[in-house]
Amino acid sequence: MKWGVLIFPGTWSHQDFAHVFQDVLRVPWGYVWHKDSSVAGYDALFLPGGFAHGDYLRCGAIARFSPIMDAVIRFAQDGGPVLGSCNGFQILCEAGLLSGALLRNSSLQYRCRWVHIRTESSDTPFTCGGRPGQVLRIPISHGEGRYFAPPETLAQLQENDQIIFRYCTPDGRVTDEANPNGALENIAGVCNKARNVLGLMPHPERASEALLGSKDGRLLFDSMLTPAFRR
Amino acid sequence: MFEARIHVTLKRSVLDPQGDTVRSALTSLGFQEVADCRIGKFMVVRLTGRDVDQARAQVDEMCRKLLANPVIEDYVFQINEVPA
C-alpha cells in the first residue's frame with residue numbers, strides 16, 4: 054500500500070501530508086509531480102493546499118488541466134480514494150470530480166484559525182472510523198473557501214448524503230457564528246456520489262498530532278487505513 | 243486577426259461581497275442612485291484567423307472550458323477584427 058501526495062507549482066501543504074504519513078502514521082508514500090502522467094502504484098491520492106499555478110484566473114482553474122489530472126480523474130472513476138484539502142478541494146471542484154465551487158470568503162478576508170467541523174456522515178472511506186455528529190477541531194487557512202452550489206445541486210448533495218462536514222460550534226451546533234467563510238449551509242466538505250472523492254477546506258494534515266494542538270484530523274487518515282476500505 | 247473582449251461576472255444568484263462593499267462605498271460618497279454593483283473580470287484575447295464565426299466559436303469554447311466556471315459565473319464577449 055502506498056499513498057501519493059500531488060504537487061503542483063505553488064502547492065505548499067505537501068510537506069505537512071508527507072510528515073504525517075512518514076513520521077506519524079508510518080505509511081509508505083511518495084510525491085506525484087503535476088507533469089507526471091501516471092499514478093500507477095498508488096492506492097490513495099491527496100491534493101494538498103496552496104496556490105496551484107498561482108491560483109490565477111480562479112483557484113484550481115489552471116491546475117485542473119495539469120497533465121496528471123487525467124490520471125487522477127481515471128483513478129477516481131475507478132473507485133480510488135482521493136482526498137483534497139483547501140486548494141486541493143478547489144482543484145477537485147474545478148475538475149468536476151466534486152460538485153459546487155469555492156468563492157471568496159464573505160468577509161473578503163483571509164481566515165487562518167482553528168474551527169470545529171461536524172461529521173455528517175461516516176459512510177465514506179475518510180470518515181468510516183468516526184460517527185455522525187462527531188465534532189473535529191481542525192485549522193483552516195484560506196481566503197476563498199465559501200462553498201457554493203446551485204439549489205438543484207444542493208438538493209442532490211442532501212439527498213445522496215454527500216455533505217460530509219459542516220462548520221459548527223465546539224458542542225456541534227451548526228450556527229452562522231461558527232461559519233468562518235459564509236459557506237452555503239455551513240458546508241466544509243463534500244464527497245462525490247460514489248463517495249470515494251472527498252474535498253474539505255480545513256487541513257486534517259495540520260491536526261494530526263496532540264503536540265500541534267489537535268489530532269482530530271487523524272480520523273480521516275485512520276479511516277482510510279481500516280481494513281474495510283484498504284485497497 | 244480578431245480581438246475578443248470578454249466579461250466574466252458572478253451569477254446573479256451568487257453573493258458578491260466585493261460588489262456589495264463597493265456599492266456601499268458609492269452610496270456613502272453620495273451616489274444615492276446606485277442600486278447594485280457587481281465586480282467581475284475583463285479579459286482581452288487576440289486570435290489569428292480570418293473567419294469571425296470560427297473565432298466566435300473558439301472564444302465561446304474557451305469561456306466554457308476555462309475562462310468562466312459555469313457553476314458560479316456568466317460570460318459575455320464581443321469580437322472585433324483588428325490589424326495583425
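Read top to bottom, the protein sequences are chains A and B. Just add 53 to the spot in the first sequence (first one is 1) and you have this note's numbering. Just add 242 to the spot in the second sequence (first one is 1) and you have this note's numbering. All C-beta atoms, glycine included, are put in the ideal place defined by N, C-alpha and C.
Chain A residues whose Cβ lies nearer than 7 Å to that of I314/B
Looking up residue 314/B in the second sequence gives position 72. Simply A154, L156 and F201.
Quick check: is the beta carbon of L308/B nearer than 8 Å to any beta carbon in chain A?
Residue mapping note: residue 308/B aligns to position 66 of the second sequence, counting from 1. It does; some Cβ of chain A falls within 8 Å.
Paired residues, beta bridge with K283/B - DSSP:
Numbered from its first residue, the second sequence carries residue 283/B at position 41. Looking at the DSSP assignment, K283/B forms a beta bridge with V250/B.
Return no unless some Cβ of chain B is closer than 8 Å to the Cβ of R111/A.
The sequence position of residue 111/A within the first sequence is 58, counting from 1. With 8 Å as the cut-off, R111/A counts as an interface residue toward chain B.
Report, in whole angstroms, the separation of the C-beta atoms of P301/A and H72/A, which I expect to be a contact under 8 Å.
The requested residue 301/A does not occur in the structure, where chain A is confined to residues 54 to 284.
Starting from D316/B, trace the beta strand (DSSP E) both ways and give me its first and last residue.
Working through the second sequence from its first residue, we reach residue 316/B at position 74. Element bounds for D316/B: E315 to E323.
Reduced DSSP secondary structure (H/G/I, E/B, other) of V73/A:
Residue mapping note: residue 73/A aligns to position 20 of the first sequence, counting from 1. DSSP places V73/A in helix when its eight states are reduced to three.
Going by DSSP in three states, E230/A sits in which element: helix, strand or coil?
As a position in the first sequence, residue 230/A is number 177, starting the count at 1. Reduced to three states, the DSSP call for E230/A is coil.
Alpha carbon to alpha carbon, what distance is there between G225/A and G137/A?
Stepping through the first sequence from its first residue, residue 137/A is reached at position 84. Stepping through the first sequence from its first residue, residue 225/A is reached at position 172. C-alpha separation (whole angstroms): 23 Å.
Taking only beta carbons into account, state which residues of the segment 207 to 235 of chain A come closer than 9 Å to chain B, listed in chain order.
G235
Which residues in chain A have a C-beta closer than 9 Å to the C-beta of V287/B? List them in chain order.
Looking up residue 287/B in the second sequence gives position 45. Ordered by position in chain A, no residue passes the 9 Å Cβ test against V287/B, which lies about 12 Å from the chain.
As a quick exercise: from N213/A, G103/A, V80/A and T180/A, pick the residue whose alpha carbon is nearest that of Q143/A.
Within the first sequence, the letter at position 90 stands for residue 143/A. The option with the nearest alpha carbon to Q143/A is G103/A.
Residues of chain B with a CB under 8 Å from the CB of E147/A: which are they?
The residue given as residue 147/A occupies position 94 in the first sequence. Those are N311, listed as they occur along chain B.
Consult DSSP for R190/A and reduce its assignment to one of helix, strand or coil.
Here residue 190/A refers to the residue found at position 137 when the first sequence is read from its first residue. The answer is strand: DSSP assigns R190/A an E or B state.
Pick from W65/A, F74/A, V80/A and I60/A that is closest to M54/A, judged by C-alpha positions:
Translated into the one-based positions of the first sequence, residue 54/A becomes position 1. The option with the nearest alpha carbon to M54/A is V80/A.
F218/A: buried (16+ other C-beta within 10 angstroms of its C-beta) or exposed?
Against the first sequence, residue 218/A aligns to sequence position 165. Label assigned to F218/A: buried.
Quick check: the segment 144 to 164 of chain A against the segment 199 to 208 of chain A, are at least 3 beta-carbon pairs closer than 8 Å?
yes
Proximity test, Cβ basis, 8 Å: A114/A and chain B
If you number the first sequence from 1, residue 114/A lands on position 61. Answer yes: the Cβ-Cβ gap between A114/A and chain B drops below 8 Å somewhere.
When the Cα of V324/B is compared with those of M285/B, A277/B and L289/B, which residue comes out closest?
Your numbering for residue 324/B matches position 82 in the second sequence. Here the closest residue by C-alpha is L289/B.
Nearest-angstrom Cα separation, counted from K307/B out to H87/A:
Counted from its first residue, the first sequence places residue 87/A at position 34. Counted from its first residue, the second sequence places residue 307/B at position 65. H87/A and K307/B: Cα-Cα distance of roughly 19 Å.
With a threshold of 8 Å between beta-carbons, can S90/A be considered close to chain B, or not?
For the purposes of this step, residue 90/A is taken as the residue at position 37 of the first sequence. Answer no: the Cβ-Cβ gap between S90/A and chain B never drops below 8 Å.
Assess, as a yes-or-no matter, whether the segment 312 to 319 of chain B is touched by the segment 248 to 259 of chain B under the definition of 3 or more beta carbon pairs within less than 8 Å.
yes
Any C-beta of chain B under 8 Å from that of L150/A:
Here the question's residue 150/A lines up with position 97 in the first sequence. Not closer than 8 Å to any Cβ of chain B, the Cβ of L150/A fails to qualify, so no.
Specify, as a first and last residue, the run of the beta strand (DSSP E) that G252/A falls within.
Within the first sequence, the letter at position 199 stands for residue 252/A. Taken as a continuous stretch (DSSP letters only), the beta strand (DSSP E) holding G252/A covers V250 to L253.
Is R288/B helix, strand or coil when you go by DSSP?
In the second sequence, counting from the first residue as 1, residue 288/B sits at position 46. Looking at R288/B - three-state DSSP - the assignment turns out to be strand.
Listing by chain order, which chain A residues have their CB less than 9 Å from the CB of L257/B?
Mapped onto the second sequence, residue 257/B falls at position 15. Here the neighbours are L156, S159, R199, F201 and G235.
On the DSSP letters alone, give me the boundaries of the alpha helix (DSSP H) that I126/A sits inside.
Against the first sequence, residue 126/A aligns to sequence position 73. Unbroken alpha helix (DSSP H) run through I126/A: I121 to Q130.
Note down the Cα distance separating P233/A from R292/B, rounded to an integer number of angstroms.
Locating residue 233/A in the first sequence gives position 180, counting from the first residue. Locating residue 292/B in the second sequence gives position 50, counting from the first residue. C-alpha separation (whole angstroms): 50 Å.
When you compare the CB of N260/B with every CB in chain A, is at least one pair closer than 8 Å?
Counting from 1 along the second sequence, the entry for residue 260/B is found at position 18. The residue asked about is misnamed: residue 260/B is Gln in this sequence, not Asn. It does: the Cβ of Q260/B has a partner Cβ on chain A nearer than 8 Å.
What's the C-alpha gap between V264/B and C279/B?
By one-based count along the second sequence, residue 264/B stands at place 22. By one-based count along the second sequence, residue 279/B stands at place 37. Their Cα atoms are separated by approximately 7 Å.
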